[in-house]
Each structure stands twice: as structure tokens, then as C-alpha cells.
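Participant: This structure is in C-alpha cells; I'll ask about it shortly.
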Amino acid sequence: MGGANPYIEQAEYTPATKKYKITFMPDEIAVEVDPKKVPYDRTGLPGSILDIALGFKIGLDHACGGVVACSTCHVIVREGLETCNESTEAEDDMLDNAPGLTPYSRLGCQCVPDGTSDVVVEIPEWNRNYVKEH
0 MGGANPYIEQ
10 AEYTPATKKY
20 KITFMPDEIA
30 VEVDPKKVPY
40 DRTGLPGSIL
50 DIALGFKIGL
60 DHACGGVVAC
70 STCHVIVREG
80 LETCNESTEA
90 EDDMLDNAPG
100 LTPYSRLGCQ
110 CVPDGTSDVV
120 VEIPEWNRNY
130 VKEH
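Residue numbers (numbering that gives the first Met the number 0): 0 to 133.
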């Protein structure tokens, strides 16, 4: 479970108010996000891609607990990026450390879709966690 990083400016975001779908690539796992159930896992910002992935048991690495202190939850938002909050300077600084950076890269812990359209997210191959802990 993550917390907040007191050393950075916290991201501003608009939480979703209606159900929408996120598809996680390359496995094409589609989940319906219900804003009434947010937060799912309490890691990263409430309703973030990381929060949703963990809530649906989708393997997305996250070494720092979702507090913008690493780049392990790097994802690529293939569709629906315009529905997500703007990245902060702290997020951009951490993304500079992520391999395979693209113009559509975000930290899963900080990227919060507003639910106005469906979203497609690619989890880079180097970042897929197939280990399931019980």
C-alpha cells in the first residue's frame, strides 16, 4: 500500500463519475471501472491506472508504492490519453528514467482517466509482473 510523497507537488485530477473500460495490452484484458468502487487497491492516486490494474490483479510492477519515487509503473496510453490528467514535473522527471519512453508514456500511479471515454494501456514487456503472490 502506498502513501503520498511529501517532497513533490501532488497531481491534480478529475475523478471519473461514470463507468468506463480500460483495456490492458498486450494481453487484451478489458475491465470495467466503476467509480463507486475507487480506490481499488489504494496504491497510487485513487482511480489511477496502477490502482485499477492492482484492483483487477493485472501484473504491473510498482516498486515505490505509487508515490512518484521510481519509474517501474511506466505504461503507454495508446488510446484515451486526452481523458487523463496532466503529468506533473515530478512525474516527467521520473519518466526520464524509464526504458522505452514514448510521447504517450505515463506513470501508472499518477495517470487518472476521467471516465469520459474508454482507455487502452500498454504495459511494456519489461514491466509485466506475472508472479502472483498469495
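Backbone N, C-alpha and C define an ideal beta-carbon position, used for all residues, glycine too.
(1) Mapping the DSSP letters down to three states, classify Leu106 as helix, strand or coil.
(2) Put Ala29 into one of helix, strand or coil per three-state DSSP.
(3) Curious, which full-length beta strand (DSSP E) runs of at least 3 residues does the stretch 10-82 contain?
(4) Go through its chain and collect everything with a Cβ distance to Ser70's Cβ below 7 Å, but skip five positions before and after it.
(5) Give the straight-line distance between the Cα atoms of Glu121 and Gln9, rounded to the nearest whole angstrom.
(6) Return the bridge partner residues of Val111 from the DSSP annotation.
(7) Quick one: what's Glu121 bridged to in DSSP?
(8) Run the CB neighbour count on Asp26, radius 10 Å, all protein chains shown included, and call it buried at 16 or more, exposed below.
(9) Taking all protein chains shown into account, decide if Asp91 is buried (16 or more other Cβ within 10 angstroms of its Cβ) or exposed.
(10) Give the range of the alpha helix (DSSP H) segment to which Asp92 is assigned.
Facilitator: Taking the definition as stated:
(1) Reading the sequence shown from its first residue, position 107 is the one you call residue 106. DSSP places Leu106 in strand when its eight states are reduced to three.
(2) For this step, residue 29 is matched to residue 30 along the sequence shown. Strand.
(3) With a minimum length of 3 residues, the continuous beta strand (DSSP E) runs that stay inside the stretch 10-82 are 19-24, 28-32 and 73-78.
(4) Against the sequence shown, residue 70 aligns to sequence position 71. Here the set comprises Met93, Leu94, Asn96, Ala97 and Leu106.
(5) Walking along the sequence shown from the start, residue 121 turns up at place 122. Walking along the sequence shown from the start, residue 9 turns up at place 10. Spanning the two alpha carbons is a distance of roughly 24 Å.
(6) Here residue 111 corresponds to residue number 112 of the sequence shown, with the count starting at 1. Per DSSP, none; premise fails for Val111.
(7) Working through the sequence shown from its first residue, we reach residue 121 at position 122. BP columns for Glu121 point to Met24 and Ile75.
(8) Reading the sequence shown from its first residue, position 27 is the one you call residue 26. So Asp26 ends up on the exposed side.
(9) Counting from one through the sequence shown, the residue named residue 91 turns up at place 92. Under this definition Asp91 is an exposed residue.
(10) The residue given as residue 92 occupies position 93 in the sequence shown. Where Asp92 is concerned, the enclosing alpha helix (DSSP H) stretches over Glu88 to Leu94.
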